[in-house]
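Under our numbering, the first residue of the sequence shown carries the number 323, and numbering increases by one thereafter.
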Amino acid sequence: MKNLTFVILYILLSGVQTTFGQNETDIIVGSKFVFKSIILDEERTCLISLPDSYNNSSEVDKKYPVIILLDGYTHFKTASGIVHFMGSNRNRNNLMPESIIIAIENVDRERDFTFTKIKTKRPNNMGGGRIFLNFIEKELVPYIDKKYKTESFRTLVGHSLGGLLTLNSYMDENSVFNAYISIDPSIWWNEEMMKNKVDSISSISLDKKLYIATANQGEANYERNKQRHDSLYTLITKKSDKPLNIEIEYFEKENHRSVPLVALYEGLKYIN
């Protein structure tokens, strides 16, 4: 794992501006665009990372799978480094295909990543998760498919509340995604709703790939976190007699904030 961390740090540091004498070279990690959403009635900023071969003249007909990344500003550089390391032909790892990353920056994550409200002393906009998924599926994905050389395989990646939204998307039989990486998801937010969704989950969802990463949140939060994740995993696996495309992994040495780095790597490796 130390080697993985070193490689990712090297890739990210390689993206900074370098100066040698009078020569200055920019190594571009990605770019930014602003999307006006009718569904959300607001502008949303997205970051995009294209594969190394995307603009090669010899690869004009090549199409690429898409990774939609939640909490985009936080995880974009990390995910870009991992995906380029795993999929680039330069190092020939061949752990996954070259992919396009679309990272959505946050406006109100409690509103966008939750399906239900919880009582708080302050006013809140919680419970807009279904609307946010509509924005991704009906506006953002069609826009990306039209503008870039994409193939139909799509992966949704979310951490914490973003992981909760990822699970909700997985359980939706009409979801446009083929695979899901849910990193330390906040199942506690609407645990009973999640159980009810598992009860009615369709074979369409069960045929898709799901990777759940669980962090060590300490002994005091063991029941709140790991046991809830394990319980949800058990409920899902009991829905079918055939082997399912679902994996759960516990990272004892990682906490809630540190787990995304290793979980992104292991989750992409499992899915691919």
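No residue lacks a Cβ here, since even glycine has one placed at the ideal position from N, Cα and C.
Taking 7 Å as the limit between beta carbons, can you name the residues of its chain near L312, skipping five residues before and five after?
This structure gives no information on residue 312, because the portion of the chain shown stretches from 323 to 594.
I'd like the ranges of any alpha helix (DSSP H) spanning at least 4 consecutive residues and lying wholly in the stretch 493-519.
none
Checking the sheet assignment: what are the DSSP bridge partners for H481?
Your numbering for residue 481 matches position 159 in the sequence shown. I505, per the DSSP bridge assignment.
Between the stretch 380-393 and the stretch 438-449, can you find at least three pairs of beta-carbon atoms closer than 8 Å?
no
Put L586 into one of helix, strand or coil per three-state DSSP.
In the sequence shown, the residue the question calls residue 586 occupies position 264. Here L586 sits in helix by DSSP.
Would you mind stating whether K517 and K384 have Cβ atoms separated by less than 8 Å?
As a working note, residue 517 is residue 195 in the sequence shown. As a working note, residue 384 is residue 62 in the sequence shown. It is not a contact, given that the beta carbons lie outside the stated cut-off.
Restricting to Cα atoms, I'd like to know which of L455, I534, S482 and P464 is closest to E495.
Taking the sequence shown and counting its residues from 1, one reaches residue 495 at position 173. Nearest option by C-alpha distance: L455.
So the candidates are S497, V498 and F407; which of them puts its Cα closest to the Cα of N416?
If you number the sequence shown from 1, residue 416 lands on position 94. Looking at the Cα atoms, F407 is the closest of the given residues.
Report the rounded CA-to-CA distance for I270 versus I360, giving the unit in angstroms.
Residue 270 lies beyond the residue range present for the chain, which begins at 323 and ends at 594; the question has no answer from this structure.
With DSSP as the reference, please indicate the residues paired to R476 in a beta bridge.
On the sequence shown, position 154 is the one that residue 476 refers to. In the DSSP output, where bridge partners are listed per residue, R476 has V388.
Can you check the stretch 449-473 for any alpha helix (DSSP H) of at least 4 residues that lies completely inside it and give the ranges in chain order?
451-456 and 463-469
Suppose you measure from the CA of L478 to the CA of Y502; what does that come to, to the nearest Å?
Residue 478 sits at position 156 when you count from the first residue of the sequence shown. Residue 502 sits at position 180 when you count from the first residue of the sequence shown. Looking at the two C-alpha atoms, the distance is approximately 5 Å.
Got a sec? Which residues, its chain only, sit under 6 Å from I370 by beta carbon, not counting five neighbours each side?
Within the sequence shown, the letter at position 48 stands for residue 370. Here the set comprises G352, S353 and I424.
DSSP three-state assignment for F398, whether helix, strand or coil
What you label residue 398 is simply residue 76 of the sequence shown in a count that begins at 1. It is helical.
Please name the residue in I466, Y465 and K530 whose C-alpha comes closest to that of T559.
Residue 559 sits at position 237 when you count from the first residue of the sequence shown. Nearest C-alpha to T559: K530.
Span of the beta strand (DSSP E), counted from its first residue to its last, around F357:
Here residue 357 refers to the residue found at position 35 when the sequence shown is read from its first residue. S353 to S359 is the extent of the beta strand (DSSP E) around F357.
Just the Cα atoms here: how many angstroms apart are A537 and I458?
Taking the sequence shown and counting its residues from 1, the one referred to as residue 537 is at position 215. Taking the sequence shown and counting its residues from 1, the one referred to as residue 458 is at position 136. Their Cα atoms are separated by approximately 27 Å.
Quick check on the burial criterion: 16 or more other C-beta atoms within 10 angstroms. Buried or exposed for K437?
As a first step, residue 437 is located in the sequence shown; it is residue number 115 there, counting from the start. Residue identity differs from the one stated: residue 437 is Phe in this sequence, not Lys. Its Cβ being crowded by 16 or more others within 10 Å, F437 is buried.
Hey, how far is the Cα of R433 from the Cα of L487?
Reading the sequence shown from its first residue, position 111 is the one you call residue 433. Reading the sequence shown from its first residue, position 165 is the one you call residue 487. Their backbone Cα atoms lie some 11 Å apart in a straight line.
Considering only the alpha carbon of each residue, which of K399, S379, S497 and S482 lies closest to F475?
As a working note, residue 475 is residue 153 in the sequence shown. Nearest option by C-alpha distance: S497.
DSSP on Y376, reduced to helix/strand/coil?
To locate residue 376, count along the sequence shown from 1; it is residue 54. Y376 falls in the coil class under three-state DSSP.
Along the chain, where does the beta strand (DSSP E) that runs through L566 open and close?
Taking the sequence shown and counting its residues from 1, the one referred to as residue 566 is at position 244. Run containing L566: none; DSSP gives neither H nor E here.
When DSSP labels each residue in this structure, what does R433 get in the three-state scheme?
What you label residue 433 is simply residue 111 of the sequence shown in a count that begins at 1. It is helical.
Could you check what DSSP says for N413 in three-state terms: helix, strand or coil?
Against the sequence shown, residue 413 aligns to sequence position 91. Secondary structure at N413: coil, using DSSP grouped into helix, strand and coil.
Do E420 and G409 have their CB atoms nearer than 8 Å?
Here residue 420 refers to the residue found at position 98 of the sequence shown. Here residue 409 refers to the residue found at position 87 of the sequence shown. Contact flag set, yes.
Which one of F499, Y395 and R550 has the shortest CA to CA distance from I526?
The count along the sequence shown starts at 1 and reaches residue 526 at position 204. When each option's Cα is compared against that of I526, the closest is F499.
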